[in-house]
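Q:
Numbering (this note's numbering), first residue to last: -18 to 241.
1) Is the stretch 211 to 226 close to the stretch 82 to 90, with three or more CB pairs under 8 angstroms?
2) Helix, strand or coil: which one does DSSP assign to residue 203?
3) Counting only runs of 3+ residues fully inside the stretch 55 to 111, write out the beta strand (DSSP E) ranges in chain order.
4) Just the Cα atoms here: how many angstroms apart are residue -8 and residue -16?
5) CB residue 112 to CB residue 9, shorter than 8 angstroms?
6) Go ahead and label residue 210 buried or exposed: buried means 16 or more other beta carbons lie within 10 angstroms of its beta carbon, across all protein chains shown.
7) How would you write the range of the alpha helix (DSSP H) that residue 148 sits in, first residue to last?
8) Taking only the alpha-carbon atoms, compute the straight-line gap between residue 77 and residue 237 and give it to the nearest angstrom.
9) Measure the Cβ-Cβ separation of residue 63 and residue 141 and say whether it is below 8 angstroms.
10) Using the beta-carbon count (16 or more within 10 Å), is residue 176 buried or exposed?
11) Report yes if the C-beta distance between residue -2 and residue 97 is below 8 angstroms; otherwise report no.
12) What are the boundary residues of the alpha helix (DSSP H) that includes residue 227?
13) Can you list, in chain order, the residues of its chain whose CB lies under 7 angstroms from that of residue 103, leaving out five sequence neighbours each side?
14) For residue 12 and residue 118, I'd like the C-alpha separation in whole angstroms.
15) Short check: CB of residue 200 to CB of residue 168, under 8 angstroms?
16) Once you ignore the five residues that flank residue 59 on each side, which residues in its own chain have a CB closer than 6 angstroms to its CB?
17) Taking Cβ to Cβ, would you say residue 55 is nearer than 8 angstroms to residue 149?
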């Protein structure tokens, strides 16, 4: 564990001594902030319109669900933005080490390949969690001026973290297979896009195969988190995908080590 922690700190420093972490975090917060502003503005305008109509026709003002109209939509939008941002974080995990030749130093050091894989994984995941936690300030505005439910917020962030862990693991695997960072980023993005939209293909096949394809859809699992539903089957899906990808990453690093 000590060696993994050293790798973790080394990798984490490498993110913040270069502009990459700051640029990715700033872009994510800016784009998420724009979506939050548009969603909140739409909610306020609709609430005002409903209130005016209720006064005009002397009706009771219908209840507006801020969780459904703002919070759920915000988390769904952030999950899509994550698909674009995370590959820029994971692309350097192993590709940069291969390109610069520093991977050989890791192979000859008294550090196991598992310690390398785990340390790098948690470093990238830490950057990602830092990125999404920056949006807490947006959600806090709703609690200051409104009365939303807390559970959808908690489940939404949990879903983002689990989906991020899966994406980081997949990105690390692809990065371990190439020394080109652009290929690593595109490969991670392409893989996640396939897993995101694969559920749409379930309607074109039989019910048995359709159920399997639908289960592989990242979007299908995340939607419940955005609604405020924490289902253990969704957690198992993300964690299983992450662990399997980490195992394949270990195999790729082991193979590269023996090829020398």
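Virtual Cβ for every residue (Gly too), placed ideally from N, Cα, C.
A: According to the structure data:
1) Look at the beta carbons and you see the stretch 211 to 226 not touching the stretch 82 to 90: under three pairs across the two are nearer than 8 angstroms.
2) Three-state DSSP puts residue 203 in a helix.
3) Fully enclosed beta strand (DSSP E) runs of 3 or longer: not present.
4) About 12 angstroms.
5) Yes; because the gap between Cβ atoms is below 8 angstroms, this pair is in contact.
6) So residue 210 counts as exposed.
7) It spans 132 to 157 - the alpha helix (DSSP H) in which residue 148 sits, taken as one unbroken run.
8) Whole-angstrom Cα-Cα distance: 14 angstroms.
9) With a cutoff of 8 angstroms on beta-carbon distance, residue 63 and residue 141 are scored as near each other.
10) Buried, since its Cβ has 16 or more Cβ neighbours within 10 Å.
11) In this structure, residue 97 does not lie closer than 8 angstroms to residue -2 by Cβ.
12) Residues 213 to 240.
13) Exclusion of the five residues before and after residue 103 leaves -11 as the residues of its chain whose Cβ lies within less than 7 angstroms of its Cβ.
14) Rounded to whole angstroms, the separation of the alpha carbons of residue 118 and residue 12 is 14 angstroms.
15) 8 angstroms or more divides the Cβ of residue 200 from the Cβ of residue 168.
16) Around residue 59: 13.
17) Going by C-beta atoms, residue 55 is not nearer than 8 angstroms to residue 149.
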